[in-house]
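First to last, the protein sequences are chains C and L. Per the working numbering, residue 1 is the first one in the first sequence, and the count goes up by one each step. Per the working numbering, residue 1001 is the first one in the second sequence, and the count goes up by one each step.
2 protein chains.
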Amino acid sequence: MLNNKLLLFILLFVSISLVHAQPTEEDNPLPNIVLMFIDDLGYGDLGCYGHPTIRTPHLDQMAYEGIKLTSFYVAASVCTPSRAALMTGRYPLNAGLPGNLGPDSEGGLPLDERTLAEALKEVGYRTAAYGKWHLGAVPDYMPTDRGFDEYLGLLYSNDMMPPWVNTERPLQLYRNDRPIEQEVDQTTLTQQYTEAAIDFIQSNQEQPFFIYLAHSMPHLPIYASADYQGKSAGGDYGDVIEEIDSRVGQIAKVLEAEGLTENTLFIFTSDNGPWRNMPERMYTTEPVEPWHGGSTGPLAGAKGTSYEGGFRVPALLRWPGQIPAAQVSPEVCTSMDLHATILKLAGAQPAPKPLDGIDILPLLTEQAPSPRNDFYYFSGEYLDAVRDNRWKLRIAAKADDWISHETMSGDEPTLTELFDLHNDPFEQFNLAKEHPEHVARLRKKMQQFAKETGSALRE
Amino acid sequence: MLNNKLLLFILLFVSISLVHAQPTEEDNPLPNIVLMFIDDLGYGDLGCYGHPTIRTPHLDQMAYEGIKLTSFYVAASVCTPSRAALMTGRYPLNAGLPGNLGPDSEGGLPLDERTLAEALKEVGYRTAAYGKWHLGAVPDYMPTDRGFDEYLGLLYSNDMMPPWVNTERPLQLYRNDRPIEQEVDQTTLTQQYTEAAIDFIQSNQEQPFFIYLAHSMPHLPIYASADYQGKSAGGDYGDVIEEIDSRVGQIAKVLEAEGLTENTLFIFTSDNGPWRNMPERMYTTEPVEPWHGGSTGPLAGAKGTSYEGGFRVPALLRWPGQIPAAQVSPEVCTSMDLHATILKLAGAQPAPKPLDGIDILPLLTEQAPSPRNDFYYFSGEYLDAVRDNRWKLRIAAKADDWISHETMSGDEPTLTELFDLHNDPFEQFNLAKEHPEHVARLRKKMQQFAKETGSALRE
Chain C
1 MLNNKLLLFI
11 LLFVSISLVH
21 AQPTEEDNPL
31 PNIVLMFIDD
41 LGYGDLGCYG
51 HPTIRTPHLD
61 QMAYEGIKLT
71 SFYVAASVCT
81 PSRAALMTGR
91 YPLNAGLPGN
101 LGPDSEGGLP
111 LDERTLAEAL
121 KEVGYRTAAY
131 GKWHLGAVPD
141 YMPTDRGFDE
151 YLGLLYSNDM
161 MPPWVNTERP
171 LQLYRNDRPI
181 EQEVDQTTLT
191 QQYTEAAIDF
201 IQSNQEQPFF
211 IYLAHSMPHL
221 PIYASADYQG
231 KSAGGDYGDV
241 IEEIDSRVGQ
251 IAKVLEAEGL
261 TENTLFIFTS
271 DNGPWRNMPE
281 RMYTTEPVEP
291 WHGGSTGPLA
301 GAKGTSYEGG
311 FRVPALLRWP
321 GQIPAAQVSP
331 EVCTSMDLHA
341 TILKLAGAQP
351 APKPLDGIDI
361 LPLLTEQAPS
371 PRNDFYYFSG
381 EYLDAVRDNR
391 WKLRIAAKAD
401 DWISHETMSG
411 DEPTLTELFD
421 LHNDPFEQFN
431 LAKEHPEHVA
441 RLRKKMQQFA
451 KETGSALRE
Chain L
1001 MLNNKLLLFI
1011 LLFVSISLVH
1021 AQPTEEDNPL
1031 PNIVLMFIDD
1041 LGYGDLGCYG
1051 HPTIRTPHLD
1061 QMAYEGIKLT
1071 SFYVAASVCT
1081 PSRAALMTGR
1091 YPLNAGLPGN
1101 LGPDSEGGLP
1111 LDERTLAEAL
1121 KEVGYRTAAY
1131 GKWHLGAVPD
1141 YMPTDRGFDE
1151 YLGLLYSNDM
1161 MPPWVNTERP
1171 LQLYRNDRPI
1181 EQEVDQTTLT
1191 QQYTEAAIDF
1201 IQSNQEQPFF
1211 IYLAHSMPHL
1221 PIYASADYQG
1231 KSAGGDYGDV
1241 IEEIDSRVGQ
1251 IAKVLEAEGL
1261 TENTLFIFTS
1271 DNGPWRNMPE
1281 RMYTTEPVEP
1291 WHGGSTGPLA
1301 GAKGTSYEGG
1311 FRVPALLRWP
1321 GQIPAAQVSP
1331 EVCTSMDLHA
1341 TILKLAGAQP
1351 APKPLDGIDI
1361 LPLLTEQAPS
1371 PRNDFYYFSG
1381 EYLDAVRDNR
1391 WKLRIAAKAD
1401 DWISHETMSG
1411 DEPTLTELFD
1421 LHNDPFEQFN
1431 LAKEHPEHVA
1441 RLRKKMQQFA
1451 KETGSALRE
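Below, the structure written as structure tokens:
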């Protein structure tokens, strides 16, 4: 017979053991997320994506330590809607922001949308955004209103000032919701954002953290800090990219020094293709030169178009121990899928509105095929194209460029193009006439999706 | 006092020690050379050079273990002269072969030129060539006449037969100087060449070896072997490149198994840019499809042109312990420099005629700058362009394509273009008007070099 004291002792012992057997936060903590979202970086701008002269040893290393995605899409080929899709996991039109915001725009990302930062904050993350926001530059819409504990950056694009954009609002660097620099020295931006991110990493290790690092560069006009000027064999643009690469190396070094490499999902990607089809107003105003835009590599089109060069961007993901090293995947996936994947990893609450993103963790960690069947290319209110793995149907305005999109009426002449993206990722050969069956099948998909999203379709 | 016996003993001991202190062949043997020279592989065709969907894990690994060159030039943008320059270390016009040979051509590489194989054979190498030769298909000019102990391959291009080329000579696979297959099954070529190279490695380890592995693919018409057909997300062309990549992996594996990795300089490059500007005669004959040509990535032009896409090709060099890993270099160097470097490494006899190649070993092993000041772009007898690091001057026929070159009279309209290859590696912006000083300086260089080489110049 056991006496009560002994029984109590045993129960206590068993209880304590059970508690210790549970995985604690210390055993298996939620991963930190560093998400770099570079402005107008093109598919061909990094060494590991084939740039002929720009050197990016730190990003090449990141690719080698993780996965390089070669059919990774953003959900718009211009800034604001692409960022809206990343932040909500939803196509821009679904998220209520199909077009670009200007410096004087009212509102921003609709307040009934949940941002990635809000989702992560709910489950205990410390959150910070550094760099370009472009989802609202007025009270209630600023980063610190939308789930970020901290912010440092430009609220919109670095050219949104005279002589490039007509506005009386000065371009200012904000800390949280206040301007701190009246006259921004753009040569310092890449460094300032990086240092803020490093400070945040070093001072926030009690909770998991989410850093959204959205460099203002290489959006035009481009600037590198003094140490990087004139150094690259890739010219002025090369200087800017090589600085970004070098700053990535600084962050990786700090993660390593803090023992966080293994528990940090480090993502590097871009918001849309490069600005190669520069409007004439840019050419004629210093310090922009016509060759200051980035490169799509071999892809057609550029920023603002619904060819591959507008939507397909570099994407590197590193998470040692979880994502096997030295992978290259041509599986189709998107920025909205990153959103869904991060929610899953963090055990976030289910999204309040239907996600267009799909969890791609098995693709990253187990070489599983992409769960995504279709990707839709929007240009503002218009649904321009759809891709379903091999085939892409594009029914879009002939004058498909950055400036035309700002002034489209819907009556423009239309082009119907079918591309075999396996044999012809460069969109050189329109096979619409040879394959009416694919045109019909994909047109039906576009009609269906246009109906679902309330978007416009050209016929 | 020492007696004589003891003195003798001491002298003997010292002598033996001295002999052992000398580096013997066993301590520091001459390196094996595996030189892969792929036919019409474009700058953008490999994963590590940014192809959007073709996967080349073995070549990516090779790049990571060695050096990737991003401003590496061949000396002609078509097959025969490019091969002549590699084999002699001299510009094609200097080596007496400025233009392509056909299946019925008499002669070949002039017999007073010394080939790389001859130079290496003189200092004790076993030598073998597998694949396309294209430097002479008649007695005295065959690979086994020009320094190769062994040969297996097609003596010229794999399209040099009806319906593509008008000839009565059948396309045949040769072993040494005899045809062994009357009807070539081109789907087997990549595999057959690879297996021959592997046999050679496994059975030749008494002497250092030099293997010249010049795949017939991906020259049109393209064929992959059964195991690789329909596998690549890069389509038909992707299948062919992924087979080549996989075969590179097989060779690397055999080198490793034989303990030769550390003592083998493994080089992978191409003979010229890809065949994208396909003549119409190719489009209309099965099994060639218009999208079967490779990619220049972001570079302008293609095979047969003097834009970058014709002359700049992928180049990977791996030599563990000698060439540091994970290097990417935008320094300007050439196939002729490879020749000179290999001669140096092998301690070969001085070249009997002046080399145009320069030893680049310090660039490969110590990150030294390129010793090369200028590179000259020849199109047949014409000197089309010069590059001196940043600037390229091009004075060439307007109709600069593959077929036009075969029929040029010299009276064609001319274009003068100046490109800043740092800011504009894509040759999009002609700065001839803005920088007459660079035009004048480089024009003088072209005039001087045209005089030296006896080449034609357009004005």
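Positions of the beta carbon are idealized from the N, C-alpha and C atoms, including for glycine.
Please check if any C-beta of chain L sits within less than 8 Å of the C-beta of residue i.
{"i": "Y307/C", "result": "no"}
{"i": "A348/C", "result": "no"}
{"i": "Y64/C", "result": "yes"}
{"i": "S370/C", "result": "no"}
{"i": "A233/C", "result": "yes"}
{"i": "D236/C", "result": "yes"}
{"i": "V328/C", "result": "yes"}
{"i": "F268/C", "result": "no"}
{"i": "N430/C", "result": "no"}
Taking just the CA atoms, how far does residue j sit from residue i?
{"i": "A1326/L", "j": "E1459/L", "result": "44 Å"}
{"i": "M217/C", "j": "D245/C", "result": "12 Å"}
{"i": "A224/C", "j": "I1395/L", "result": "34 Å"}
{"i": "Y193/C", "j": "K121/C", "result": "21 Å"}
{"i": "H1051/L", "j": "I67/C", "result": "15 Å"}
{"i": "A348/C", "j": "G147/C", "result": "14 Å"}
{"i": "T56/C", "j": "G234/C", "result": "11 Å"}
{"i": "P290/C", "j": "Y307/C", "result": "21 Å"}
{"i": "T334/C", "j": "P413/C", "result": "29 Å"}
{"i": "Q109/C", "j": "I222/C", "result": "The sequence shown places Leu at residue 109/C, rather than the Gln named in the question. Each residue's alpha carbon lies about 27 Å from the other."}
{"i": "A119/C", "j": "L343/C", "result": "7 Å"}
{"i": "H1058/L", "j": "D39/C", "result": "32 Å"}
{"i": "E437/C", "j": "V386/C", "result": "15 Å"}
{"i": "H219/C", "j": "Q229/C", "result": "17 Å"}
With a threshold of 8 Å between beta-carbons, can residue i be considered close to chain C, or not?
{"i": "M1164/L", "result": "Note on identity: in this sequence residue 1164/L is Trp, with Met being the wrong assignment. Judged by the 8 Å Cβ criterion, W1164/L is not in contact with chain C."}
{"i": "W1291/L", "result": "yes"}
{"i": "F1311/L", "result": "no"}
{"i": "D1040/L", "result": "no"}
{"i": "G1273/L", "result": "no"}
{"i": "N1277/L", "result": "no"}
{"i": "V1078/L", "result": "no"}
{"i": "H1435/L", "result": "no"}
{"i": "D1411/L", "result": "no"}
{"i": "F1209/L", "result": "no"}
Over the uninterrupted beta strand (DSSP E) stretch that includes residue i, give me the two end residues.
{"i": "E150/C", "result": "150-154"}
{"i": "T1127/L", "result": "1126-1131"}
{"i": "E181/C", "result": "178-181"}
{"i": "M1062/L", "result": "M1062/L -> not in any beta strand (DSSP E); alpha helix (DSSP H) instead, spanning 1057-1065."}
Is there at least one Cβ from chain B nearer than 8 Å to residue i's Cβ?
{"i": "D1060/L", "result": "Although the question refers to chain B, the structure presented lacks it and instead comprises the protein chains C and L."}
Alpha helix (DSSP H) containing residue i: first to last residue?
{"i": "F1311/L", "result": "1308-1311"}
{"i": "F429/C", "result": "Run containing F429/C: none; DSSP gives neither H nor E here."}
{"i": "Q447/C", "result": "436-453"}
{"i": "A346/C", "result": "335-346"}
{"i": "P1081/L", "result": "1079-1088"}
{"i": "D1173/L", "result": "Checking the sequence, you will find Leu at residue 1173/L rather than Asp. Looking at the DSSP string, L1173/L is not in any alpha helix (DSSP H); the run it does join, the beta strand (DSSP E), is 1173-1175."}
{"i": "Q1202/L", "result": "1189-1203"}
{"i": "K121/C", "result": "116-122"}
My assumption, with CB atoms under 8 Å, is that residue i sits in contact with residue j. Please give the rounded CB distance.
{"i": "L463/C", "j": "Y156/C", "result": "Since the first and last residues shown for chain C are 1 and 459, residue 463/C lies out of range."}
{"i": "R1372/L", "j": "V1328/L", "result": "Going by Cβ atoms, the distance from R1372/L to V1328/L rounds to 18 Å, so no, they are not a contact pair."}
{"i": "Y49/C", "j": "G293/C", "result": "Between G293/C and Y49/C the Cβ distance is about 16 Å, and since that is not below 8 Å, they are no contact."}
{"i": "T1053/L", "j": "T70/C", "result": "6 Å"}
Given the structure, does residue i come close to the ligand GDP, in the sense that its CB is under 7 Å from one of the ligand's heavy atoms?
{"i": "F419/C", "result": "This structure does not include the ligand GDP; it has no bound ligands of any sort."}
Counting pairs of Cβ atoms below 8 Å between the region 1273-1290 of chain L and the region 1087-1102 of chain L, do you hit three or more?
No, because fewer than three Cβ pairs between the region 1273-1290 of chain L and the region 1087-1102 of chain L fall closer than 8 Å, the two stretches do not touch.
Spell out a yes or no on whether the region 1031-1047 of chain L and the region 1195-1213 of chain L are touching, meaning 3 or more CB-CB pairs, one atom from each, closer than 8 Å.
yes
Under 8 Å, with one C-beta from each stretch per pair, do the region 1374-1385 of chain L and the region 1070-1081 of chain L reach the 3-pair mark?
Touching, per the Cβ criterion.
Counting Cβ pairs, one atom from each stretch, are 3 or more of them under 8 Å apart for the region 1348-1359 of chain L and the region 1421-1429 of chain L?
no
Pairs of beta-carbons, one from the region 1235-1242 of chain L and one from the region 1157-1170 of chain L, closer than 8 Å: are there three or more?
no
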